[in-house]
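Here's the structure, in structure tokens; my notes come after.
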Amino acid sequence: MHPIIFELGKFRVYSYSLFAVLAFSCALIYAYLEAKRIREDPEKVIDLSIYLFISGLLGAYLLNVMVNWRIYIKDPLRIFRFWEGGLVYYGGFILACLVALVYIKRHNLNLAIWADLLAPCAMIILAIGRIGCFLNGCCYGKPAPDWFPLKKLWIYPLGRLPLELEGIPIHPTQLYCSLLSALIAIFLIWRSRRRKFSGEIFWLMLLLYSFARFFIEFLRADPRGGIAFLHLSTSQLISIFFFGLASSFLSKNYFKTIQPDLREEGN
0 MHPIIFELGK
10 FRVYSYSLFA
20 VLAFSCALIY
30 AYLEAKRIRE
40 DPEKVIDLSI
50 YLFISGLLGA
60 YLLNVMVNWR
70 IYIKDPLRIF
80 RFWEGGLVYY
90 GGFILACLVA
100 LVYIKRHNLN
110 LAIWADLLAP
120 CAMIILAIGR
130 IGCFLNGCCY
140 GKPAPDWFPL
150 KKLWIYPLGR
160 LPLELEGIPI
170 HPTQLYCSLL
180 SALIAIFLIW
190 RSRRRKFSGE
200 IFWLMLLLYS
210 FARFFIEFLR
220 ADPRGGIAFL
230 HLSTSQLISI
240 FFFGLASSFL
250 SKNYFKTIQP
260 DLREEGN
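Right under this line is the structure:
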């Protein structure tokens, strides 16, 4: 792990914060260029991005504190050590979506078009941001099995792991999430040029990510809250809800798009 990239005297650049800023910057560049391509106002992207950046961080941090309240009760000052990590992606995603909804309605923008525009950004942020998680040592995985081909590469000698896991090969779940998010982002960008209806890209993002996140959670070992007797984490419960919601919306709208073709074949 490399939680600190470099130091200049007392000034430290943390990998977690650096990759968070890098991730948001790349997402902003994509959204700006995509807005120009589809002839939406790119200045609105910059304006909205400020609200999304703040609400995303706030929501992710608040959900983390709620899920891990037992940890923060024991060490209340830890709440202010945000550079150590401790962000729950779904918390930031949900609050950012609510803020975006208010902004879009207030500025009389097309909700479905802007949802599609911003959807790949969520995956770009994850693809890059999870690398910061990996370097920081948070969001770590369970011990890797003996057959795991790269197990010798992912040994955390120091950091946030429990004592019983230090020096043991573990699953690089942060990199699993990073890779899957990158693949989803690439697919969404490709699909955005071929979408069948407005809103399709957003719901595809929600469907694919919730599916991937649900299974990645089984490999994670860090405390994440949830329902103990179901052996499901908070993020898995949210993933189940989002997957069902996205499946319902997509199936309904895909059926609408094929109905005209079915009528033509019937005639």
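Quick note: the sequence shown uses numbering that gives the first Met the number 0, first residue 0, plus one each step.
Ideal placement from N, C-alpha and C gives every residue a C-beta, glycine not left out.
Predicted model only: the values in this text are computed from it and were never measured.
Taking Cβ to Cβ, would you say residue i is nearer than 8 Å to residue j?
i    : j    : result
A111 : L86  : no
P119 : A143 : no
R219 : C138 : yes
L249 : L179 : no
G198 : A114 : yes
A30  : L116 : yes
I204 : I183 : Per the sequence shown, the amino acid found at residue 204 is Met instead of Ile. Cβ atoms of M204 and I183: closer than 8 Å.
I200 : R190 : yes
A181 : A245 : no
Can you find the residues in the same chain that come closer than 7 Å, C-beta to C-beta, to residue i, ignoring five residues on each side of it along the sequence?
i    : result
G128 : F18, A19 and A22
L51  : A95, V98 and A99
G131 : S14, Y15, L17, F18 and A19
F196 : N252 and T256
F210 : F242
F133 : P171, Q173 and L174
Mapping the DSSP letters down to three states, classify residue i as helix, strand or coil.
i    : result
Y139 : coil
I37  : coil
F147 : coil
L157 : Residue confidence for L157 is low, a pLDDT of 46 falling below 50, so the modelled location carries little weight and cannot support an answer.
I127 : helix
Who are the Cβ neighbours of residue i in its own chain at under 8 Å, not counting the five residues just before and after it?
i  : result
E6 : V12
Quick one: Cα of residue i to Cα of residue j, how far?
i    : j    : result
I239 : I124 : 22 Å
D221 : H230 : 14 Å
L32  : R194 : 18 Å
D46  : F10  : 30 Å
Y208 : S24  : 21 Å
K35  : T233 : 37 Å
C176 : E39  : 31 Å
G8   : P2   : 16 Å
R223 : A26  : 26 Å
F92  : D74  : 26 Å
I103 : L57  : 20 Å
Quick one: residues in its chain with C-beta nearer than 6 Å to the C-beta of residue i, no 5 flanking neighbours on either side, listed in chain order?
i    : result
F213 : Q235 and S238
V44  : A30, Y31 and A34
Y89  : S234 and I237
_Quick check for students: name the residue ranges of the alpha helix (DSSP H) that lie wholly in the region 180-248, counting only runs of 4 or more._
Fully enclosed alpha helix (DSSP H) runs of 4 or longer: 199-215.
*Those runs of the alpha helix (DSSP H) which lie wholly inside the region 61-114 and span at least 4 residues*: The qualifying runs are 68-73 and 88-105.
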